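For the sequence shown, UniProt numbering begins at 1 and goes up steadily by one.
Here the structure is laid out as structure tokens; the discussion comes afterwards.
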Amino acid sequence: MIVQIIGAFIAVFALALAFGVPRKFLVYSSIVGAIDWLVYLISLERGLGLAMSVFVSTLVIAFISHAFARKFKAPVTVFLIPGILPLVPGVGTYRIVYYLILEDGANASYYFYQTLQIAGMIAIGIFIIDTFFKFFQKPLIKAGVCEVAEDTLPQGSDSLEDSTGHSPEEEERRMEQDLRARAEALRKKMKEREKDDLGL
């Protein structure tokens with residue numbers, strides 16, 4: 001298990017670096033990924049099953065990502081997107097295509113359903129934690145519970161904006177768009193390399 005957790009940390013660190021995550025957050029993003037895999041493995045050992053293990057680990061890392069975002073004043077996606085990568089069902093997608101090529105409909109259908117389950121659990125887990133923090137964010141800040149103190153807000157305003165004039169939500173959307181663009185560029189490069197290797 002320790003080897004797998006270390007492997008998850010290194011893999012997430014490399015992918016976060018490729019996605020352009022700011023260097024000062026690389027270690028924290030990798031820690032989120034390692035915790036993600038640790039919770040997943042423990043959940044499997046407890047007999048929760050594949051889908052439920054993914055759901056539990058997603059809840060944990062989504063919560064940690066929001067906590068880190070508030071602690072380090074950074075968008076949630078800086079920690080969440082790299083951290084969620086160990087759970088992304090890439091192997092399941094590969095197996096779907098593999099068995100479709102072999103014309104094995106039974107196995108292709110099985111892995112298709114399994115992949116949908118995993119993707120659905122990831123989406124639901126993120127949605128639950130996002131909703132929780134969005135609902136309780138302002139009350140917690142005004143109560144002085146969150147890291148962001150009330151005196152950091154502009155006078156006479158309840159909006160949460162950073163020094164650039166952008167709200168955390170806007171910064172998060174911008175960072176998410178940037179990370180997605182980098183991920184898409186990385187996928188295109190990998191496809192081009194595969195074509196070159198195949199001599200196409």
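Each residue gets a CB set at the ideal place from its N, CA and C atoms; glycine is no exception.
Since the model is a prediction, treat every value here as computed from it, not as a measurement.
If only uninterrupted alpha helix (DSSP H) runs of at least 4 residues are considered, those enclosed by the UniProt domain "Threonine/Serine exporter ThrE" (4–131) are 23–45, 50–72, 77–84 and 90–101. Short of 8 Å from the beta carbon of Leu-48, and not among the five residues preceding or following it, lie these beta carbons of its own chain, in chain order: Val-56.
Around the beta carbon of Ala-69, 16 or more other beta carbons lie within 10 angstroms, which makes this residue buried. Ranking Ala-74, Gly-7, Ile-101 and Ala-51 by CA distance to the CA of Ile-124 puts Ala-51 first. Each residue's CA atom was taken as its position, placing Arg-174 and Ile-128 some 22 Å apart. Buried is the label assigned to Tyr-111, since at least 16 other Cβ atoms lie within 10 Å of its Cβ.
Contact check for Ala-18 against Leu-186 passes: the beta carbons are separated by less than 8 Å.
In this structure, the alpha-carbon of Ala-16 lies about 9 Å from that of Val-27.
C-alpha of Ile-122 to C-alpha of Gly-83: approximately 12 Å in a straight line. Going by C-alpha positions, Arg-46 is about 31 Å away from Tyr-98. Taking 8 Å as the cut-off, the beta carbon of Pro-86 is found closer than this to the beta carbon of Ala-8.
The C-alpha of Ala-34 lies about 27 Å from the C-alpha of Lys-188.
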